[in-house]
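The numbering of the sequence shown is our numbering, which starts it at 74 and goes up by one.
Just so it is clear, CB atoms sit at the ideal spot from N, CA and C, and this is done for glycine as well.
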Amino acid sequence: MFKKTTLALAVLGLLGTSAAQAALVYDQDGTTLDIYGRIAMGFEGGGAKNGVDNGEEFRNFGSRLRFTAGHQINSDLRGIARVEWRFSGDERSQPGFNEVRNSYLGLESQQYGTFLAGNYDSFYDKHVMTPFDVYIERGYEFAGGGLQARGDSLGYISPNMDGFQAVFSAKHFSERGLAEADQTSQGSVVATQGGVVYSTGPARLALGYVEDTVRGGGNGETRFGATAAFDINDAFAARLGYETRSDSDRFGGGFDKIGVGATYAIDAWRFYLDYYNIDLDNADNDRDAWAAAAHYKLTNNFDVFVELNDANRDAVNDFEDDVYYAVGARYHF
């Protein structure tokens, strides 16, 4: 049964499970090693136009390979490590693996929480805005896994305390070893982010922030966000989100984003529908975007998907785009 797990998805943090359970390949004397991977391919079309071809293309949709290790130090403390690579599943590529997506070390304690060091996804994205991050390719307008994250970071995830959980992370942008001509005007920068999550019964509430530094692709202002997710019944769930960042003369400008969405799941089907209103400070008009998807689980390891997205970017500038569509399949191993 492919039961609705929107609330479960919302509470899946950085160390959460994947769409299919990883394979335990070693477990001896308190030491474990898991392997997880997926191959995902399909067709996409539409989207950005603006004088370029946006016809169909056969492509890769996030194929990856992951190793997760752990060792039980004592009854409460466990050492953990993870490395994950992306690879192109649709064509021959040199090299075969084209990106190290995650690579980190950590200590996990039921009493004191989890400490991480290295290259991991944005805590703000994974713990605060995650109820909206349901699409395989496009349609998610909040945050993003790489937001002021993925590299040179230290993080902390608190234990769950009567439904409350807090997260905090700091990423260091260093200029050590750079010649004066190669240094940036921002210099060495630390970008922090954090959030608080409260879950009770069918409801989940989250609030967080990110220092959106210019070194990390932001505009130098702080980004704030909040989400609420509700399980209305066994099949239907709803979500509400808000994200804002003040304006500046740096990259990206400011914005206010409001999102509403729903998930309906029945048997092996899961359906998603989301709408966003995006008010950009440096544009005359708001942008109204929507996304929809149908995912079908053939087996525990094999799923197929159809997704649609209209980003409506032509509403705010001289930009041409069509409705984006993607159809494909994923095999998890």
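- Between Tyr197 and Asn175, the C-beta spacing is not below 9 angstroms.
- Here Gly115 has Phe131, Arg132, Phe134, Phe378, Ala399, Val400, Gly401 and Ala402 as same chain residues with Cβ atoms under 8 angstroms from its own Cβ, once five neighbours each way along the sequence are excluded.
- Taking Tyr315 as the centre and dropping the five residues before and after it, the same chain places the C-beta of Ala299 and Ile331 closer than 6 angstroms to its C-beta, in chain order.
- Looking at the DSSP output, Tyr197 bridges to nothing.
- Nearest C-alpha to Gln259 among Val270, Tyr271, Gly228 and His245: His245.
- By the criterion of a C-beta distance shorter than 6 angstroms, Arg296 is surrounded in its chain by Val283, Asp285 and Arg318, once the five residues flanking it on both sides are discounted.
- Assigned with DSSP and collapsed to three states, Glu214 falls in coil, not helix or strand.
- Pairing Gly110 with Arg137 gives a Cβ-Cβ distance under 9 angstroms.
- For the set Asp100, Phe392 and Asp107, the Cα lying nearest the Cα of Gln94 is the one of Asp107.
- Taken atom to atom, the span from the alpha-carbon of Gly228 to that of Gly124 is near 43 angstroms.
- Distance between Ala302 and Asp206, taken at the CA atoms: about 12 angstroms.
- The alpha-carbon separation between Gly143 and Met202 amounts to approximately 28 angstroms.
- Ala356 carries a coil assignment under DSSP once its states are collapsed to helix, strand and coil.
- Around the beta-carbon of Ile146, fewer than 16 other beta-carbon atoms lie within 10 Å, marking it exposed.
- When secondary structure is reduced to three states using DSSP, Thr336 falls in the strand class.
- In terms of Cβ geometry, Asp383 and Ala364 form a close pair [threshold 9 angstroms].
- Using a 10 angstroms sphere on the CB of Ser195, the tally of other CB atoms reaches 16 or more, which defines it as buried.
- Here Ser148 is exposed, its C-beta having fewer than 16 other C-beta atoms within 10 Å.
- Relative to Asn373, the option among Trp342, Asp387, Ala388 and Asp354 whose CA is nearest is Trp342.
- Counting every other CB atom within 10 Å of its CB across the protein chains shown gives Asp304 a total of 16 or more, marking it as buried.
- In the DSSP assignment, Ser182 falls within the beta strand (DSSP E) that extends over Phe170 to Ser182.
- If you draw a straight line from the Cα of Arg288 to the Cα of Leu278, it comes to about 30 angstroms.
- Counting along the chain, Met114 sits inside the beta strand (DSSP E) bounded by residues Thr104 to Ala121.
- In the DSSP assignment, Thr187 falls within the unbroken beta strand (DSSP E) covering Gly186 to Asn192.
- In the three-state scheme derived from DSSP, where H, G and I count as helix and E and B as strand, Val125 is classed as coil.
- When DSSP states are grouped into helix, strand and coil, Arg151 belongs to the strand group.
- Within the segment 273-304, not a single complete alpha helix (DSSP H) segment reaches 4 residues in length.
- According to DSSP, residue pairing for Ser226 in a beta bridge involves Gly191 and Lys244.
- A straight line joining the alpha-carbon of Arg139 with that of Asp357 spans about 44 angstroms.
- Shortest Cα-Cα distance from Tyr404 to any of Glu393, Gly162, Gln256 and Val396 involves Gly162.
- When rounded, the separation of the alpha-carbon atoms in Asp126 and Trp158 is 30 angstroms.
- Collapsing the DSSP output to three states places Thr372 in coil.
- When beta bridges are read from the DSSP output, Gly314 appears opposite Thr300 and Gly332.
- Under DSSP, Asn390 shares a beta bridge with no residue.
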